[in-house]
Amino acid sequence: MVVTRFAPSPTGYLHIGGLRTALFSWLWARKNGGRFLLRIEDTDLSRNSDEALAAILEAFDWVGLDYDGDVVYQSQRFDLYKQYIDRLLEEGKAYKCYMSKEELDALRAEQMARGERPRYDGRYRDFTGTPPEGVAPVIRIKAPREGEIVFEDGVKGEIRIAASEVDDFIIARSDGTPTYNFVVAVDDALMGLTDVIRGDDHLYNTPKQLVVYEALGFTPPRFYHVPMIHNEQGRKLSKRDGAMDVMEYKRQGFLPEALLNFLVRLGWSHGDQEIFSREEMLEWFDPHDINKSASSYNLDKLLWLNAHYIKNTPNEKLAKLLEEFGVHIADHDRMEFLLDATKERSKTLVELADHIRMILERPAEYDPKAAKKAFKGEALSILRAFAEKLESSEGLHLPSDYHKVMETFVTEQEIGFGKLGQPLRVALLGKMTGPGMDEVMAILGVEETVARIGEAIERIGAEQS
RNA sequence: GGCCCCUUCAUCUAGCGGUUAGGAUUCCAGGUUUUCAUCCUGGCCACAGGAGUUCGAGUCUCCUAGGGGUCACCA
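Position 1 of the first sequence, counted from 1, bears residue number 938 in the working numbering, the numbering being contiguous throughout.
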């Protein structure tokens, strides 16, 4: 049985670094038919935010990561933690420390001044005297004083930390509330975690948590410390370059499958494969294959993946997704033509929506350069003749029908395709680029096509004569 | 600063002692297209540096440099 978890603190939204470790954990649990748990690390009551929690759950829902059982809130388990703290106190594995914050600060300053590493000096470790008046004690756990703490990390290999690096850290604040490293270890053990996959900024917490496991007699899980994601300059990810709310990717028109595919390939690979369906991720993912080094966020690759997934998403589904971007074409009788004509030239749903609007709405203006170039010489008479040709044709429906009309027209007129295509493009779309004319006409229909040609002749022709 | 981790094209990566160091994104060129995009073909581009070990090192060891993480009554 494999049990993994994602354990965010509700102090901010979910960003892609967190989403990636969540994905890795989810994949590993699901791949093995195990359980994936969600736990909220909200022991610091003053920093919690309901909005942050809601945002995290919303992001999970969007990308389709499901978790087993109820969400566990550490803030609701204080009684439980207290039992374990009391037990450690009774067994002499933890002790009350009456050092005030001021004293601690002073000690730290002193140590720093001597060029030493700030470290609690253990002065109350074996204290038996009368405690000072008026000081609410914190509770510290007894960490080993010599030797080293060794563990096998599934990603980094063997990690050895000298015991001198781990001091008797605080497991309960003076107000009685437990602290992070203590509750993480207790919960991971109690929740039956077998594999902890987390960011490698937690690497240094692991020896501390192992101290708790040891003191409580719990069996530690396997640890996998996943390297960070850096920005495109190789520095720490900030909001500017991708550390934004995962939901922001949705708003910017990314597909969850693209984002997940992008993230799974950051620090992990399977041979030369770039495109992974969810099934393939489940098939091949293994945390032991995660790279040791940090990787950089690369927007170009994400966009490429997104374009790929847009191209390969069924039109019906795209039409549904486009609702959120102000484009309502689910009931449009030419919905298929519309998306066939636009999905291959869109990197995001935002772009796709723009492209669709550009076809559906009459050109508000004609690009001056394009108009000048396309509407010269006999362009006007060609367009007029083509409009007539369209009106006299029967049974035009498919893009291929329109293509045939164009073909016979240019043959009859003995002109090149461009002589018709360029002015037609400007007349229908107002610019020189875009989908094929046959596709656009199939979407617009004869009536609208002829109307746009007429309008363009009127407006551009008038300007030029 | 102490401790820990990391280091293959600009970027994501393959490589697990013997390869013309492979793929993908970006970029460039050509083809396809009435245009743009897609797509196809091709090209540019890397083992951080230095010592070892070895017949042979991107692969193993050490050193240097660079980057990152961490040193809370935050998580």
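Each residue gets a CB set at the ideal place from its N, CA and C atoms; glycine is no exception. No experiment lies behind these values; they were computed from the predicted model shown.
Secondary structure of residue i, DSSP reduced to three states
| i | result |
| --- | --- |
| residue 939 | coil |
| residue 1032 | strand |
| residue 1229 | coil |
| residue 1160 | strand |
| residue 1080 | coil |
| residue 1396 | helix |
| residue 899 | Because residue 899 is not part of the residues shown, which for the chain are 938 to 1402, the question remains open. |
| residue 1022 | helix |
| residue 1042 | helix |
| residue 1277 | helix |
| residue 1284 | coil |
| residue 1265 | coil |
| residue 1143 | helix |
| residue 1271 | coil |
| residue 946 | coil |
| residue 1188 | helix |
| residue 1055 | coil |
| residue 1390 | helix |
| residue 1301 | coil |
| residue 1200 | helix |
| residue 1153 | helix |
| residue 1247 | helix |
| residue 1419 | Summary: the structure shown does not reach residue 1419, with the chain confined to residues 938 through 1402, and so no result is reported for it. |
| residue 1214 | coil |
Beta carbon of residue i nearer than 9 Å to that of residue j
| i | j | result |
| --- | --- | --- |
| residue 1288 | residue 1267 | no |
| residue 1296 | residue 1259 | no |
| residue 1193 | residue 965 | no |
| residue 1365 | residue 1393 | yes |
| residue 945 | residue 986 | no |
| residue 1128 | residue 974 | yes |
| residue 1369 | residue 1343 | no |
| residue 1111 | residue 1083 | no |
| residue 1174 | residue 953 | yes |
| residue 1108 | residue 1025 | yes |
| residue 938 | residue 972 | yes |
| residue 1086 | residue 1147 | yes |
| residue 1217 | residue 1210 | yes |
| residue 940 | residue 1132 | yes |
| residue 1371 | residue 1362 | yes |
| residue 1236 | residue 1169 | yes |
| residue 963 | residue 1003 | yes |
| residue 1130 | residue 942 | yes |
| residue 1149 | residue 1122 | yes |
One or two residues paired with residue i in a DSSP bridge
| i | result |
| --- | --- |
| residue 968 | Answer is none; residue 968 lacks a bridge partner. |
| residue 1088 | 1096 |
| residue 1207 | Answer by DSSP bridge pairing: none, since residue 1207 is not bridged. |
| residue 1109 | 1076 and 1115 |
| residue 1166 | 1232 |
| residue 1135 | 1162 |
| residue 1009 | 976 |
| residue 1173 | 1167 |
* 3-residue-minimum beta strand (DSSP E) runs that sit fully inside the segment 1346-1388, ordered along the chain -> none
* Just list the alpha helix (DSSP H) runs in the segment 952-1007, keeping only unbroken ones of 4 residues or longer that don't cross its boundaries, in chain order. => 953-968 and 987-1000
* Given 8 Å as the limit, is there contact between the segment 1150-1161 and the segment 1077-1095, that is, 3 or more CB pairs closer than that? -> yes
* To do: Specify whether the segment 1137-1156 and the segment 1039-1056 touch according to this definition: at least 3 beta carbon pairs, one from each stretch, less than 8 Å apart.
  => no
* To do: Note down, one range per segment and in chain order, each alpha helix (DSSP H) of at least 4 residues found wholly within the segment 1305-1349.
  => 1305-1311 and 1316-1328
* Asked: Hey, is the segment 1022-1039 in contact with the segment 1075-1087, meaning 3+ C-beta pairs nearer than 8 Å?
  -> yes
* To do: Could you tell me whether the segment 1198-1205 touches the segment 1220-1228, using the rule of 3 or more Cβ pairs below 8 Å?
  => yes
* Would the segment 1006-1023 and the segment 1058-1074 be scored as touching if the rule is three or more Cβ pairs under 8 Å? -> no
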